[in-house]
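Here our numbering is used: the first residue of the sequence shown is 20, the next is one more, and so on.
Idealized CB from N, CA, C, for every residue including glycine.
See structure below.
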Amino acid sequence: MQTTPAEKGITQKVASLYNKFPFPAYPLWARLKWSEAYTLAPSFSEYLAKSLGLDLPNPDKSAPAKRSLIIGSGDTQAVGFAHWVAPIKHEIVCNDLAHANIKRMSRKMAKSFWLRKKPNIAYEARDINDLLRSCIAENQKFNHLECYGVLHHLAAPSQTLHLLAKVCVPGTTMRLMVYNPTARYWLGQVSKVFRIMKLTPYDPDDLREARHLLQLLAKLFPLYYGKRVRPWMMKRENTPHFVDAFFHPRVLPLSYLSWKSKLEENGFEIIGLFDRNGELDDLPNPLWCPPTPDQIEDRVEDFRFEHNFELFCRYKPQFAPNNTEQDHSRQKTSELKTPSPPKMAINHLQQNSTLKEQDILYKKLMRTPVPQLWTSYSETQNISHKTITRFWHLFLGATICNLEINAQEYKQDTVSQQALRRLGRIGAILPSMVTDKTLYDEIMAPMEKSMEGSDYNEKQSIPVKSRKKLEYFLSKNFKRKNILSEKRLNLSIARISQGTLGSQELNSHT
Ligand SMILES: C[S@@+](CC[C@H](N)C(=O)[O-])C[C@H]1O[C@@H](n2cnc3c(N)ncnc32)[C@H](O)[C@@H]1O
Numbered sequence: 020m021q022t023t024p025a026e027k028g029i030t031q032k033v034a035s036l037y038n039k040f041p042f043p044a045y046p047l048w049a050r051l052k053w054s055e056a057y058t059l060a061p062s063f064s065e066y067l068a069k070s071l072g073l074d075l076p077n078p079d080k081s082a083p084a085k086r087s088l089i090i091g092s093g094d095t096q097a098v099g100f101a102h103w104v105a106p107i108k109h110e111i112v113c114n115d116l117a118h119a120n121i122k123r124m125s126r127k128m129a130k131s132f133w134l135r136k137k138p139n140i141a142y143e144a145r146d147i148n149d150l151l152r153s154c155i156a157e158n159q160k161f162n163h164l165e166c167y168g169v170l171h172h173l174a175a176p177s178q179t180l181h182l183l184a185k186v187c188v189p190g191t192t193m194r195l196m197v198y199n200p201t202a203r204y205w206l207g208q209v210s211k212v213f214r215i216m217k218l219t220p221y222d223p224d225d226l227r228e229a230r231h232l233l234q235l236l237a238k239l240f241p242l243y244y245g246k247r248v249r250p251w252m253m254k255r256e257n258t259p260h261f262v263d264a265f266f267h268p269r270v271l272p273l274s275y276l277s278w279k280s281k282l283e284e285n286g287f288e289i290i291g292l293f294d295r296n297g298e299l300d301d302l303p304n305p306l307w308c309p310p311t312p313d314q315i316e317d318r319v320e321d322f323r324f325e326h327n328f329e330l331f332c333r334y335k336p337q338f339a340p341n342n343t344e345q346d347h348s349r350q351k352t353s354e355l356k357t358p359s360p361p362k363m364a365i366n367h368l369q370q371n372s373t374l375k376e377q378d379i380l381y382k383k384l385m386r387t388p389v390p391q392l393w394t395s396y397s398e399t400q401n402i403s404h405k406t407i408t409r410f411w412h413l414f415l416g417a418t419i420c421n422l423e424i425n426a427q428e429y430k431q432d433t434v435s436q437q438a439l440r441r442l443g444r445i446g447a448i449l450p451s452m453v454t455d456k457t458l459y460d461e462i463m464a465p466m467e468k469s470m471e472g473s474d475y476n477e478k479q480s481i482p483v484k485s486r487k488k489l490e491y492f493l494s495k496n497f498k499r500k501n502i503l504s505e506k507r508l509n510l511s512i513a514r515i516s517q518g519t520l521g522s523q524e525l526n527s528h529t
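Below you can see the structure in the form of structure tokens.
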């Protein structure tokens, strides 16, 4: 599969954007809370996979040290990743298309691991497909892939998944985040208006006008844009995020089902879904047992599920990527079943590192604070500091050192059933940590009978007064750029109105 000139053009535009606006561009001196990124740890994905009774990645003990590939790492992610790995023997290949991101990343890494044992990391500033082709030629394999917020920006994600499959070993795990296109539909429409206005992120005046338009929309449509335009978008220091959201040259609006099919076509199965915002509380624990595509699509369509798709995947051991004729019957029967009864996980970290190294990592992580996310839900906010810290240490013991957890540990304090369920959904408690069948079933169960849809799918009509204000703002900007025309005005207003469309209308427009 060769890269077409059109694909090259897309990749070049994406590279220019991130070279000018490195992402997420946290200041070099910022002190980030790495414990917050606990799902970034390869040990998390592995423990989850093993807990679900799935095979270990790379069961061959004679295989070289464990390796992870970070795809489109931006300027920060690999530093967090390294904190969850070093000092364990673990090779990290950190890839990003933008040189600016990689340059900032290596500086952050040097600062973060100053006077400490440096992580074993190789930086690769180039298109992921080029890198994968080199890895395939050299027969390089990876045990874990980190791919957060990247696939939907690629010129040809199917091709990338096809190449990725060739650098996997049976059971390779992957953390993947792709956009929820329905929830981001409004954002796409506003981006199109910016394009009609010929605004570019490279001109500070244009960025200022783009923000002004958002503010105006929030004021004119408080029930729709008002609920979505966030204060962070207005701050100058968040320009890289603003540009990433509204000026991206490539955002593929693929549905959950399309991503799932693409993954499966290339041998990856989804093993868990991270429901960060608690929008799937009427379903059994989606992290321990991924919902069906219909369950997700129904909730996406009526805006009950607005978060991005944060997925944990695994490369299916039996899958042969080079087979042109795929065995579809096998793929169907290998759909995940509800994992029961739970099995003890054997953490793969143990295979390639010494107990001493694991112990150092475990002790180092024990000193980090409990992730704030764990106590940010109504059900968990009242858990005492002592109890949640104990849960944090149990989590680290299990995922880093494979310590066996007695299920009684979760029962001895007065933690409500709903709180335990929430902790299970965000991976603070993983299946193998709960060997007691009754407790396991309790944590797996839905938290609510049903979930409310939002009122976003009420189409907003544009009142005459608001239309006039919009026309005034747009005309002023078109004049500034010397591009004033009736057609542009009408097109922009149509897009703004379209941005408030509900789910029914949406399907015919995406
Ligand atoms: C939205 S950012 C996500 C960054 C990072 N994963 C995070 O979550 O902070 C997308 C990243 O993907 C990178 N990227 C986009 N296209 C790429 C490609 N073809 N090859 C490698 N990286 C790419 C961009 O340079 C950018 O850093």
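Three-state secondary structure (DSSP) of residue i
i      : result
Arg194 : strand
Arg50  : coil
Ile90  : coil
Lys185 : coil
Asn501 : coil
Val212 : helix
Glu354 : With a pLDDT of only 42 at Glu354, under the threshold of 50, the placement of this residue in the model should not be trusted, and no figure is reported.
Ile481 : coil
Ala237 : helix
Cys308 : coil
Lys137 : coil
His326 : coil
His163 : strand
Tyr37  : helix
Ser348 : Unreliable positioning characterises Ser348 in this predicted model, as indicated by a pLDDT of 32, which lies under 50. The coordinate reading is nonetheless provided below. Residue state, collapsed to three classes: helix.
Asn199 : coil
Distance, residue j Cα to residue i Cα
i      : j      : result
Ser504 : Val212 : 14 Å
Gly99  : Tyr66  : 18 Å
Glu320 : Val188 : 36 Å
Trp103 : Ser277 : 32 Å
Thr532 : Leu458 : For residue 532 there is no data in the structure shown, the boundaries of the chain being 20 and 529.
Gly245 : Leu235 : 9 Å
Thr519 : Trp133 : 49 Å
Tyr37  : Thr219 : 14 Å
Thr343 : Pro200 : Residue confidence for Thr343 is low, a pLDDT of 40 falling below 50, so the modelled location carries little weight and cannot support an answer.
Ser81  : Gln314 : Per-residue confidence for Ser81 stands at a pLDDT of 47, beneath the threshold of 50, marking its modelled position as unreliable; the derived number appears in the next sentence. Going by the C-alpha atoms only, they are around 42 Å apart.
Sheet register partners of residue i (DSSP bridge)
i      : result
Tyr333 : At residue 333 the sequence reads Arg, which differs from the Tyr that was named. Thr192, Glu288.
Val248 : Its beta-bridge partners do not exist; DSSP assigns none.
His109 : Lys85
Check whether residue i and residue j have beta carbons under 9 Å apart
i      : j      : result
Phe331 : Leu282 : no
Met530 : Ile424 : Examination of residue 530 is not possible in this model, given that the chain is present from 20 through 529 alone.
Leu449 : Glu329 : no
His163 : Leu88  : yes
Asn257 : Ala464 : no
Glu26  : Ala237 : no
Val12  : Arg514 : Residue numbering for the chain in the displayed model covers 20 to 529; residue 12 lies beyond these limits and cannot be assessed.
Arg145 : Asn114 : yes
Thr179 : Ser64  : no
His404 : Val33  : no
Lys500 : Met216 : yes
His181 : Pro138 : no
Ile140 : Val169 : no
Leu392 : Leu415 : no
Leu206 : Arg247 : yes
Pro259 : Pro41  : yes
Leu239 : Ser485 : yes
Gly443 : Leu242 : no
Residue nearest to residue i in terms of C-alpha spacing, selected from the options
i      : options                        : result
Cys438 : Lys456, Glu467, His412         : A small fix is needed here, since residue 438 is Ala in this sequence, not Cys. Ranking the options by Cα distance to Ala438, first place goes to Glu467.
Gly93  : Pro312, Tyr45, Met193          : Tyr45
Gly297 : Ile502, His118, Arg441, Glu143 : Arg441
Thr311 : Ile290, Ala237, Asn327         : Ile290
Arg123 : Leu47, Pro272, Asp225, Arg499  : Leu47
Ala184 : Gly286, Thr457, Thr454         : Gly286
Leu299 : Arg318, Asp313, Asp455         : Arg318
Gln431 : Gly446, Ile402, Gly416         : Ile402
Arg295 : Arg203, Ile462, Tyr396         : Tyr396
Thr394 : Lys382, Ala447, Leu306, Ala264 : Ala447
Tyr198 : Asp222, Ser274, Lys127, Tyr243 : Ser274
Lys375 : Ser153, Pro106, Ala60          : Pro106
Lys52  : Ser62, Val389, Asn421, Gln377  : Val389
Glu325 : Ala229, Asn120, Glu471         : Glu471
Arg203 : Arg152, Phe322, Ala101, Lys279 : Phe322
Ile498 : Glu228, Gln436, Ile379, Glu284 : Per the sequence presented here, residue 498 reads as Lys, with Ile not at that position. Among Glu228, Gln436, Ile379, Glu284, the Cα nearest to that of Lys498 is on Glu228.
Lys495 : Asp225, Asp149, Thr406         : Asp225
Contact with chain C by residue i, beta-carbon distance below 9 Å
i      : result
Ser516 : The structure shown has no chain C; it contains just one protein chain.
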